[in-house]
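2 protein chains.
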Amino acid sequence: MSDFIASLEAIVGVDHVLSGDAAREKYDHGWLPQYKGRSQAVVRPASTDEVSRILSLANTAKVPVIPMGGNTGLTGATMAVPDLNAIILTVERMNRILEIKPQSHVIRVEAGAILDDIRAAAEAEDLCFPLVFGARGSCRIGGNLATNAGGSNVLKYGNTRDLCLGLEVVLADGRVMNLMSELHKDNTGYDLKNLFIGAEGTLGVITAAVLKLVPLPVEYATAMIAMDHVEDALGLLNTLDRLSGGAVEAFEFMPKSYCDLLPSALPNLQPVFDPVPEVTILVELGATSERDRRFLTEMLENALMGLIQEGRVTDAVVAQNESQRAEMWLRRESTFEVAGQKGRTLDTDVALPLEKLPLFLSRANAETAQAAPGSEPIYIAHLGDGNVHYSLWMDNHDPASHDRIVEVIEDIVDDLGGSFSAEHGIGLMKLPTMARRKDPVALEVMRGIKRQLDPNAIMNPGKLLPDET
Amino acid sequence: MSDFIASLEAIVGVDHVLSGDAAREKYDHGWLPQYKGRSQAVVRPASTDEVSRILSLANTAKVPVIPMGGNTGLTGATMAVPDLNAIILTVERMNRILEIKPQSHVIRVEAGAILDDIRAAAEAEDLCFPLVFGARGSCRIGGNLATNAGGSNVLKYGNTRDLCLGLEVVLADGRVMNLMSELHKDNTGYDLKNLFIGAEGTLGVITAAVLKLVPLPVEYATAMIAMDHVEDALGLLNTLDRLSGGAVEAFEFMPKSYCDLLPSALPNLQPVFDPVPEVTILVELGATSERDRRFLTEMLENALMGLIQEGRVTDAVVAQNESQRAEMWLRRESTFEVAGQKGRTLDTDVALPLEKLPLFLSRANAETAQAAPGSEPIYIAHLGDGNVHYSLWMDNHDPASHDRIVEVIEDIVDDLGGSFSAEHGIGLMKLPTMARRKDPVALEVMRGIKRQLDPNAIMNPGKLLPDET
């Protein structure tokens, strides 16, 4: 056993340094099959002080450290790149809800708190922590913060960044920076909090946070809407948001190509619309006042009836109970089942200015058909926030062809003022794109900040920032 | 004429380099009488390219540059400290609204655009840019961004930071960094945008921005509410926000000491409540749907009637028309007239965790009475966001006594987890406090970032960051 491992054990106890292959297995495997790492050890601190001592030790020894939350990311950001001899620092034991203040709408949590546990703690006080996406049962808030996670409610509540009031961070050399503010106004110098949010563990380890809560909706009104043209969807969103006084929480787009495959993915469900329309929208409104409890569903019904008469919408179904609502969401959230039916896909996670999304789709469909004959697009979009998960089935899985097609898609995104990473981040997966497409001055500034905060480059090396060429 | 001035003239034209005393006068004077600067010249670029060339020139010559918007700040952040031979770079000629996209709710503006002009452009499209405070007719968005300005609507819409999607920044050496995103999701590296927002011009010059717009309320419901105890106000806010489905836009607190002085400040207005209650709240709700047009006022009336019966509120008046609404706001916004009646005040701008605000007030009133016998507190608070403008009339105006009393107040703020600068920033005024009270690790990190981005220390030197000791 190395002196370094012995020193780690002295900090956290022998039970919390995992160095055997079997014990490390689940940490060295990400959610995605393509990433298989090899760490020298996994260390499981129980407190900020232990994190501080671990980083101080690693910094002196120049041992790379990979911070890990729930290990549910989609870009390989927590993979221990083989040969770097890195340690994985998991915050899984630092999973407490520290305090909830119902009147002030804030909750203080440790970085390892599981997203669903935070949501449950808020709901017990009739409040809501509105961050929500598929991995919510196992992802941890530290990872959500480190990647600035998005999801389906960003339209109304923003990304993780927008839901965070304060942070505690351990820097690369072990110094603890206390930014645990509960304040809504705090103009005392540079915004360091937002620098660490979204930094993917390359600048330090987030150990605790203060999060904002919102009133828990008393009821939801949820509908599936059929339209002919996706170009008309943004107008529909604005109309419904106006009519409801800003109650739209989600506005999700499913094209015909996706809905056509739903029956085989979900054989027990009948199609919502027959024939399947070009555009299906899932809209959800949240009533936060008792007065709106029955109103929103009624409003949605009346509004959609009117829109059908005007010809802006071709058909619509409003959920009449919780099980119908759940079924609508099941259709939307069965993306893996739907996409998995025809084999492997090439995946992207792009964002567009809201009004450019239809143009992106038509260009991407046309240009990928030309660049990759026989490929078929499959996608859904968080239309309310401009985020499209645009994928392609391809026969050809050699990496060079994939890279070429990703280039085609990202060229269109660039041309339309979009982003090549909307909500998943950079990690390992998008490093080449980052090198090619990020504003070069911004990249230089990022590198300068990285050098300043982590001079020994021990924090999650090889992620987020491409090497200088 | 120096070579340096000649070079500036070559960039912007002779008409736009002001070096005479008279021409510089209004730029060398801030809004506050205590700050009187002396620049070597004021330069007025018309484009980002000109800003870039000016900074490149100044960086090479190591001439300090002070970026200036509307020069309406309250901390001396735009003062040209005498003897530094600085130039003031005003963005006043870069004042265009570049584009508005009504469907996507975004507006692109140059940094010199006046806040009220942005608000008017939004309103013409039935939208609202919700940043609002006293200086809105002359402040410029570049300054609002550089100071992360707050105001009365932060409760619902957030600070300037929360309303900004994208930025263009010229760095100290003249490099232009393009972060002009219109996107709601964009996870491509460190959050550099928020690093420049609130940096008070010490890291670069903001030259353009993309801002978020929101639906323009169709009607407001506004009321003055009398209560016995400020401790009950947060519960009232939560009740009204729930009943209205999140429509509360402002929740302002005026204590008896303030209202007692209103008749002499505004002799034409009758007191709202007689006798004057311990606590007067100004609440405003915004209706963003047609359905709520008449409802909100009615709801407020019914709710307040119920709260009076329950004894949670002692009296209330709901505005019945726009002129009554305007009168209510006039009472709230006459702080300078009210505070000016008894002579000079010592002023602070602090923020507290929401539930701690009443405790702060009682402790501050007691401890300042003891520390400064004969002093009298005068304050109002943005109660919904925890921001108190706590001032004191004092007979004694020697700086040492002032500093001692500010210490007393800030000790209480510290003790309760608050901030010594809520919305005004640091500038020159709060440098000593910054040195004493900011988390020391955070200060070190800030200094590292400053060195990295501005190695010649030309950007607004001597502001925001205290000298290392």
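Order-wise, the sequence lines are chains A and B. According to full-length UniProt numbering, the stretch in the first sequence is residues 1 to 469, in order. According to full-length UniProt numbering, the stretch in the second sequence is residues 1 to 469, in order. Note that beta-carbon positions come from the ideal geometry of N, C-alpha and C, so glycine has one too. Keep in mind it's a predicted model, so treat the numbers as computed, not measured.
To which residues does DSSP link residue i through a beta bridge?
{"i": "A/A223", "result": "A/V283 and A/V318"}
{"i": "B/T345", "result": "B/W393"}
{"i": "A/R108", "result": "A/E99 and A/V210"}
{"i": "B/H382", "result": "B/E252 and B/N387"}
{"i": "A/E376", "result": "A/W393"}
{"i": "B/G204", "result": "B/L171"}
{"i": "B/A58", "result": "Answer by DSSP bridge pairing: none, since B/A58 is not bridged."}
{"i": "A/L127", "result": "A/P215"}
{"i": "A/A351", "result": "A/N387 and A/S419"}
{"i": "A/L18", "result": "A/V42"}
Take residue i as the anchor and find which of the options has the nearest alpha-carbon.
{"i": "A/G204", "options": "A/K212, A/V210, A/L211 and A/K193", "result": "A/K193"}
{"i": "B/I380", "options": "B/R437, B/S138, B/T335 and B/E327", "result": "B/T335"}
{"i": "A/I100", "options": "A/E92, A/M94, A/V91 and A/E110", "result": "A/E110"}
{"i": "A/L431", "options": "A/D467, A/A442, A/S419 and A/N396", "result": "A/D467"}
{"i": "B/V42", "options": "B/I107, B/W31 and B/T78", "result": "B/T78"}
{"i": "B/V272", "options": "B/H229, B/V318 and B/E252", "result": "B/V318"}
{"i": "A/Y220", "options": "A/V276, A/R161 and A/S289", "result": "A/S289"}
{"i": "B/D411", "options": "B/A400, B/T433, B/H424 and B/G427", "result": "B/T433"}
{"i": "B/L346", "options": "B/S2, B/I5, B/I11 and B/Q34", "result": "B/Q34"}
{"i": "A/N365", "options": "A/E376, A/P455 and A/V276", "result": "A/E376"}
{"i": "B/G134", "options": "B/L383, B/D385 and B/L115", "result": "B/L115"}
{"i": "B/I426", "options": "B/E310, B/E327, B/A371 and B/G201", "result": "B/G201"}
{"i": "B/D385", "options": "A/L352, A/L183 and A/N187", "result": "A/L183"}
{"i": "A/S323", "options": "A/S104, A/A223 and A/A435", "result": "A/A223"}
{"i": "A/A146", "options": "A/L195, A/L131, A/A120 and A/V106", "result": "A/L195"}
{"i": "A/L296", "options": "B/G245, B/V154, B/Q320 and B/W393", "result": "B/G245"}
{"i": "A/H382", "options": "A/R293, A/I54, A/C128 and A/L237", "result": "A/L237"}
{"i": "A/R437", "options": "B/L98, B/D117 and B/L179", "result": "B/L179"}
Tell me whether residue i is buried or exposed, calling it buried when 16 or more other Cβ atoms sit within 10 Å of its Cβ.
{"i": "B/N302", "result": "exposed"}
{"i": "B/V14", "result": "exposed"}
{"i": "B/L285", "result": "buried"}
{"i": "B/K342", "result": "exposed"}
{"i": "A/E298", "result": "exposed"}
{"i": "A/S39", "result": "buried"}
{"i": "A/E123", "result": "exposed"}
{"i": "A/A422", "result": "buried"}
{"i": "B/P358", "result": "buried"}
{"i": "B/H397", "result": "exposed"}
{"i": "B/S362", "result": "exposed"}
{"i": "A/K450", "result": "buried"}
{"i": "B/R404", "result": "exposed"}
Let's see if you can read the secondary structure: which residues bound the alpha helix (DSSP H) around residue i?
{"i": "B/L195", "result": "L192 to F196"}
{"i": "A/T147", "result": "I141 to T147"}
{"i": "A/L171", "result": "Note, A/L171: premise wrong, no alpha helix (DSSP H); beta strand (DSSP E) at C164 to L171."}
{"i": "B/Y258", "result": "K256 to C259"}
{"i": "B/E444", "result": "P440 to L453"}
{"i": "B/P263", "result": "L262 to A265"}
{"i": "A/A41", "result": "Careful: A/A41 lies outside any alpha helix (DSSP H), inside the beta strand (DSSP E) at A41 to V43."}
{"i": "A/S419", "result": "Note, A/S419: premise wrong, no alpha helix (DSSP H); not H, not E."}
{"i": "A/L300", "result": "D292 to E310"}
{"i": "B/T335", "result": "T335 to G340"}
Would DSSP call residue i helix, strand or coil?
{"i": "B/V214", "result": "strand"}
{"i": "B/K185", "result": "coil"}
{"i": "B/G30", "result": "coil"}
{"i": "A/P399", "result": "helix"}
{"i": "B/I409", "result": "helix"}
{"i": "B/P461", "result": "coil"}
{"i": "B/I66", "result": "strand"}
{"i": "B/I114", "result": "strand"}
{"i": "B/G13", "result": "coil"}
{"i": "B/K356", "result": "helix"}
{"i": "B/K36", "result": "strand"}
Would you mind reading off the limits of the beta strand (DSSP E) that contains residue i?
{"i": "A/N178", "result": "V176 to L179"}
{"i": "B/T90", "result": "I87 to T90"}
Check: According to a CB-to-CB cut-off of less than 7 Å, which residues of the region 183–210 of chain B neighbour chain D?
Finding: Looking at the structure shown, chain D is missing, and the protein chains on hand are A and B.
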